[in-house]
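Asker: So that you can map any letter, position 292 of the first sequence is 292 in UniProt numbering, and since no number is skipped, the others follow by simple counting. Note that CB positions come from ideal geometry on N, CA and C, so glycine has one too. A quick note: this is a predicted structure, and the numbers were derived from the prediction, not measured.
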Amino acid sequence: MQASQEDVSAAKPADGDVQNDEDRPPPGFGESSDAVKDIARQLESTVKVNEGETVDEPDLSLKSAGLREQPEAEITTKTEGDSIYAAAQKFEDLPLSPELLKGLYVEMGFKQPSKIQASTLPMILTPPYRDLIAQAHNGSGKTTCFVLSMLSRVDPSVPFPQALCICPTRELVVQNLNVLRRMAKFTTISSTSTATELEDGGIRRTPIKEQVVVGTHGKLKNWVTKRLLALENVAILVFDEADEMLKADAFADDSVRLINQLRKKNPKVQLLLFSATFNDEMKRFAMSIARQANQVFVAKEKLSLDVIAQYNVRCPDRTAKTRVLKEIIFPNCDRLGQTIIFVRTREAARTLHAEMDRDGYKCTSISGEKAPEDRDRVVQEFRDGTTKVLISTDVLSRGFDVSQVTLVINYDVPIERDGRSPAYETYLHRIGRSGRFGRKGAAFNLMSTAQDMEVMARISSYFNKPIAELKWDDEDQFIEVLNKTL
DNA sequence: AAAAAAC
Numbered sequence: 001m002q003a004s005q006e007d008v009s010a011a012k013p014a015d016g017d018v019q020n021d022e023d024r025p026p027p028g029f030g031e032s033s034d035a036v037k038d039i040a041r042q043l044e045s046t047v048k049v050n051e052g053e054t055v056d057e058p059d060l061s062l063k064s065a066g067l068r069e070q071p072e073a074e075i076t077t078k079t080e081g082d083s084i085y086a087a088a089q090k091f092e093d094l095p096l097s098p099e100l101l102k103g104l105y106v107e108m109g110f111k112q113p114s115k116i117q118a119s120t121l122p123m124i125l126t127p128p129y130r131d132l133i134a135q136a137h138n139g140s141g142k143t144t145c146f147v148l149s150m151l152s153r154v155d156p157s158v159p160f161p162q163a164l165c166i167c168p169t170r171e172l173v174v175q176n177l178n179v180l181r182r183m184a185k186f187t188t189i190s191s192t193s194t195a196t197e198l199e200d201g202g203i204r205r206t207p208i209k210e211q212v213v214v215g216t217h218g219k220l221k222n223w224v225t226k227r228l229l230a231l232e233n234v235a236i237l238v239f240d241e242a243d244e245m246l247k248a249d250a251f252a253d254d255s256v257r258l259i260n261q262l263r264k265k266n267p268k269v270q271l272l273l274f275s276a277t278f279n280d281e282m283k284r285f286a287m288s289i290a291r292q293a294n295q296v297f298v299a300k301e302k303l304s305l306d307v308i309a310q311y312n313v314r315c316p317d318r319t320a321k322t323r324v325l326k327e328i329i330f331p332n333c334d335r336l337g338q339t340i341i342f343v344r345t346r347e348a349a350r351t352l353h354a355e356m357d358r359d360g361y362k363c364t365s366i367s368g369e370k371a372p373e374d375r376d377r378v379v380q381e382f383r384d385g386t387t388k389v390l391i392s393t394d395v396l397s398r399g400f401d402v403s404q405v406t407l408v409i410n411y412d413v414p415i416e417r418d419g420r421s422p423a424y425e426t427y428l429h430r431i432g433r434s435g436r437f438g439r440k441g442a443a444f445n446l447m448s449t450a451q452d453m454e455v456m457a458r459i460s461s462y463f464n465k466p467i468a469e470l471k472w473d474d475e476d477q478f479i480e481v482l483n484k485t486l
């Protein structure tokens with residue numbers, strides 16, 4: 001069942017693609033290349049000062065950006081048409097405005113592009129602005145790729161929406177908008193999101209003027225039908241967690257409709273599909289939607305992260321799972337950094353939280369049944385470190401980035417909505433919530449039924465990743481493992 | 001039966 005992948009490192013024969021007027025580089029490129037070099041020189045000194053401040057780390061280049069890197073050979077790249085793309089060694093090699101470069105170096109503290117950034121950014125930012133399907137490991141710097149791409153394709157003098165980013169959850173919208181605003185700090189580019197409405201206090205009634213819009217489908221669709229969001233000037237459309245956004249039983253209908261609407265208004269709109277996971281089915285579907293797209297893929301066997309230690313915990317029953325939390329996890333909380341406990345249903349999130357609360361174990365919980373303002377508050381407290389343990393449904397399984405999370409507990413092993421099949425992608429995304437920012441992480445999979453064990457066995461073989469087993473009532477063993485890995 | 005969201 002292995003998908004055969006074309007490995008094309010060199011350019012393919014010409015396909016008759018001619019550059020035209022609309023294919024000119026974005027503002028800030030070309031005419032200002034000297035200015036770019038100037039600011040790069042100015043910034044060099046700033047960067048060196050920063051380097052001196054963190055002397056204990058010998059290799060800063062990747063750690064400082066909080067990125068995970070993978071060997072070149074594990075990534076398959078396929079370029080379309082006659083375009084040749086040179087990997088960007090430095091951000092200065094890319095057509096970025098001085099203001100954006102400053103944002104990268106000064107505000108974000110980045111030093112050089114990560115692998116995925118070095119290979120995809122030239123593909124994205126070089127005319128004729130082809131579509132891109134890009135897969136890269138959790139924490140490898142995908143957000144920077146598409147945020148930078150959106151910002152660099154906006155013309156600051158045009159006061160209309162020009163870049164759109166669609167995400168599966170409210171939390172991801174908030175997170176991506178925050179990254180975008182930081183990166184845009186030295187530009188005049190405006191931005192908003194579907195989650196920003198609460199701050200504005202009330203329902204939106206005036207058309208959106210902001211140049212970048214980040215959002216979830218429901219409200220975005222509402223804005224479009226009410227003509228509050230004009231699509232005419234949108235030049236770039238990004239799907240974060242793209243395989244999820246194109247899933248048949250989920251967001252596919254809304255996503256495809258939006259793509260079609262946009263292409264009708266502007267046939268040249270650039271489509272970017274980013275995710276850490278694309279199974280064969282989603283890969284095919286993505287390619288059928290973005291036919292001329294450049295592609296970057298990672299084999300699934302290379303996807304499971306070695307920086308995250310994974311253990312199966314065989315429990316006699318569901319009660320024993322709770323005892324693991326109470327007797328082993330919570331008592332060691334302070335040393336652990338932060339913990340996310342994933343459960344399958346909203347009800348499980350609610351009841352487990354209630355039980356832990358009743359017995360004096362301090363934690364919070366989040367799921368789609370909570371009010372948006374409650375969700376915002378719970379997430380903010382967790383980000384602040386006020387709360388150490390968070391119980392969550394899969395609302396946070398993808399993309400949620402809190403650097404202090406070292407431990408992920410799969411209280412319920414991830415299964416598909418049929419209630420039986422292993423949810424391979426969900427597993428990978430869940431455990432990827434730990435070990436952020438170049439830190440280590442651990443994941444415990446609590447199993448109590450034969451089905452649980454079957455599911456974990458299949459997940460383990462799918463990713464070709466052996467998972468060791470821990471005894472559920474042996475605290476010393478847990479401690480030993482935690483001390484070793486964290 | 002997770003997730004987005006709505007007048």
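Taking the beta carbon of M245 as the centre, do at least 16 other beta carbons fall within 10 Å, making it buried, or is it exposed?
Answerer: buried
Asker: Runs of 4 residues minimum, wholly inside the stretch 398 to 453: which ones carry the alpha helix (DSSP H) assignment?
Answerer: 424 to 431
Asker: Can you find the residues in the same chain that come closer than 6 Å, C-beta to C-beta, to S304, ignoring five residues on each side of it along the sequence?
Answerer: F463 and K465
Asker: For I391, which of A163, R153 and V343 has the nearest alpha-carbon?
Answerer: V343
Asker: Measure the C-alpha to C-alpha separation of F297 and L272 and round it to an integer number of angstroms.
Answerer: 14 Å
Asker: Leaving out five residues on either side along the sequence, give the residues of the same chain with a beta carbon under 7 Å from the beta carbon of E369.
Answerer: R346
Asker: What separation, rounded to the nearest whole angstrom, lies between the Cα atoms of M447 and M183?
Answerer: 42 Å
Asker: Using only the heavy atoms of the ligand ZN, determine whether one of them is closer than 7 Å to the beta carbon of F239.
Answerer: No copy of the ligand ZN occurs in the structure displayed, which carries no ligand at all.
Asker: Please report how far the alpha carbon of Q477 lies from the alpha carbon of V379, in whole angstroms.
Answerer: 31 Å
Asker: For T322 and E301, which I take to be in contact (beta-carbon distance under 8 Å), what is that distance rounded to the nearest angstrom?
Answerer: Actually they are not in contact, since the Cβ atoms of T322 and E301 sit about 34 Å apart, beyond 8 Å.
Asker: Specify, as a first and last residue, the run of the beta strand (DSSP E) that F297 falls within.
Answerer: For F297, the enclosing beta strand (DSSP E) covers residues N294 to V298.
Asker: Between which two residues does the alpha helix (DSSP H) harbouring G109 extend?
Answerer: Taken as a continuous stretch (DSSP letters only), G109 belongs to no alpha helix (DSSP H), as it is neither H nor E.
Asker: So, is P98 buried or exposed, given that buried needs 16 or more other C-beta atoms within 10 angstroms?
Answerer: buried
Asker: What's the call for G30, buried or exposed, on a 16-neighbour Cβ count within 10 Å?
Answerer: Any answer about G30 is weak, because its pLDDT of 35 lies below 50 and its placement is not dependable; what the coordinates show is given next. G30 comes out exposed.
Asker: Over the uninterrupted beta strand (DSSP E) stretch that includes N483, give me the two end residues.
Answerer: Element bounds for N483: not the beta strand (DSSP E) but the alpha helix (DSSP H), E475 to T485.
Asker: Would you say the stretch 358 to 376 touches the stretch 408 to 419, given that touching needs at least three Cβ pairs under 8 Å?
Answerer: no
Asker: Would I203 be called buried (16 or more neighbouring beta carbons within 10 Å of its own) or exposed?
Answerer: exposed
Asker: Check I329 in the structure and name its three-state DSSP category.
Answerer: helix
Asker: Out of curiosity, what's the CA-to-CA distance linking V234 and I208?
Answerer: In this structure, the straight-line span from the alpha carbon of V234 to that of I208 is close to 12 Å.
Asker: Beta strand (DSSP E) containing R314: first to last residue?
Answerer: I308 to R314
Asker: Residue 487 by DSSP, collapsed to three states: which one?
Answerer: Only positions 1 to 486 of the chain appear in this structure, which leaves residue 487 out of reach.
Asker: Based on DSSP bridge pairs, tell me the residues matched to Q270.
Answerer: Residue pairing for Q270: DSSP places it in a beta bridge opposite I236.
Asker: Roughly how many angstroms separate the alpha carbons of A147 and P161, rounded to a whole number?
Answerer: The question names Ala, but residue 147 is Val in the sequence shown. Near 15 Å, if we compare the C-alpha coordinates of P161 and V147.
Asker: Which stretch, first to last residue, makes up the beta strand (DSSP E) that contains F342?
Answerer: Q338 to F342
Asker: Per DSSP, what kind of secondary structure is S157 in: helix, strand or coil?
Answerer: coil
Asker: Who pairs with L390 in a beta bridge, going by DSSP?
Answerer: I340 and T364
Asker: Would you please state the rounded distance, in angstroms, between the beta carbons of V389 and G337? I believe it to be under 8 Å.
Answerer: Not really, about 11 Å apart at Cβ, beyond 8 Å.
Asker: Taking buried to mean at least 16 other C-beta atoms within 10 Å of its own C-beta, is A134 buried or exposed?
Answerer: buried
Asker: Excluding the 5 residues flanking S190 on each side, which residues of the same chain have their C-beta closer than 6 Å to its C-beta?
Answerer: E210 and Q211, listed in sequence order.
Asker: Give me, in chain order, the residues of the same chain whose beta-carbon lies closer than 7 Å to that of A252; leave out the 5 immediate sequence neighbours on both sides.
Answerer: L246
Asker: Under 8 Å by Cβ, that's how I've got R398 and H353 pegged, so tell me the actual separation to the nearest angstrom.
Answerer: So it is not a contact: roughly 21 Å between Cβ atoms.
Asker: Distance check for I459 and A423, CA to CA, integer angstroms please.
Answerer: Within the model, the alpha-carbon separation for A423 versus I459 is close to 8 Å.
Asker: To the nearest angstrom, report how far apart F239 and Q175 are at their CA atoms.
Answerer: 14 Å
Asker: I'd like the list of long-range same chain contacts for T192, defined as Cβ closer than 7 Å, with 5 residues on each side in sequence excluded.
Answerer: Contacts found: I208, E210 and V213.
Asker: How is I124 classed by DSSP in three states: helix, strand or coil?
Answerer: It is helical.
Asker: At the level of alpha carbons, what is the spacing between G139 and L172?
Answerer: 14 Å
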